[in-house]
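In our numbering, the protein residues as written are 8 to 228.
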C-alpha cells in the first residue's frame, strides 16, 4: 500500500518549533524574540482575516467562533488579574491618566468604525476610515508613552505579570486591527465584496469592548 507523499506538509513541524521558540522567549524574557513573535502573530492574524473574508457566507460563523476563542483567552487573563488584585499592589498607571484618554479614544474609534461600516464604498466611508485609523494610531502612541512611564515589570509581582500580559495581549490585537484597517485604506477602491471590511469592523469593535474590561480590571478595581 503506497502513501501519497504529496499530501504531507511541513507546517505542523514548523509550527511546533515556533511555539517552542515563543514559550522559551517568554519564560527567559528575551524582548527581541518576543517582539519578532508578536509581529509574526500579527502577520498570521491579519492573513487569517483576509483569507476568512474569501470564504463567503460561512465566514461570519467562522469569525464568530474565532472571536469567541479570543474572548476566552482574555477572560482567563481578566480573572487572573482580579485574583491577584489586592489593596497592597501597585497599579500600572492611574485610572484618570493615559488609560482614561485611551478609553475615550477607542470608544470614539468604535463610533467612527460604525460610520465607515454603514457608508462603505462612498467618499464618506473613506473619510470615516481615515478618522478611525487616526484614532487607532493615537491609542498606540499613548499606550507606548504609558509603558514608558510604568515603573513595574513582569517580575515585580503576580499582579504585575498578569496585568502586563493582559495589556500586551490587547495591544497585539489592536495592532492586528490597525493593520487590517490600513490594508482596507490602501486598497479601498479595489474591494468588490463587503465581507472583509465587515469582518474587520467587527474585530475592531471586539477590541474596543475588551478594552473596557481591561480598563475596569487593571486600572479601576
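Heads up, the beta-carbon is just placed ideally off N, CA and C, and yes, glycines get one too. Every value quoted in this text rests on a predicted model; they were computed, and no experiment measured them.
Is DSSP giving residue i helix, strand or coil here?
i, result
"residue 9", "With a pLDDT of 43 at residue 9, under the threshold of 50, the modelled position of that residue is not reliable, and no figure is offered here."
"residue 106", "helix"
"residue 134", "helix"
"residue 158", "coil"
"residue 95", "coil"
"residue 75", "helix"
"residue 124", "helix"
"residue 189", "helix"
"residue 176", "helix"
"residue 211", "helix"
"residue 202", "helix"
"residue 221", "helix"
"residue 87", "helix"
"residue 46", "helix"
"residue 139", "helix"
"residue 196", "helix"
"residue 129", "coil"
"residue 100", "coil"
"residue 164", "coil"
"residue 228", "coil"
Cβ of residue i within 7 Å of Cβ of residue j?
i, j, result
"residue 208", "residue 124", "yes"
"residue 119", "residue 138", "yes"
"residue 214", "residue 180", "yes"
"residue 212", "residue 117", "yes"
"residue 222", "residue 169", "no"
"residue 146", "residue 173", "no"
"residue 144", "residue 204", "no"
"residue 224", "residue 107", "no"
"residue 229", "residue 140", "The structure shown has nothing for residue 229, since the chain only spans 8 to 228."
"residue 85", "residue 193", "no"
If residue i and residue j are in contact, beta carbons under 8 Å, what's the gap, nearest whole angstrom?
i, j, result
"residue 81", "residue 217", "5 Å"
"residue 105", "residue 178", "Wrong, their Cβ atoms sit about 13 Å apart, outside the cutoff."
"residue 159", "residue 97", "6 Å"
Legend entry - Stretch pair the region 159-169 + the region 177-197: three plus CB contacts closer than 8 Å: Contact fails: fewer than three Cβ-Cβ distances are below 8 Å.
Inset, instruction - Report yes or no: do the region 92-106 and the region 127-142 share at least 3 C-beta pairs separated by less than 8 Å? - result: Segments in contact, no.
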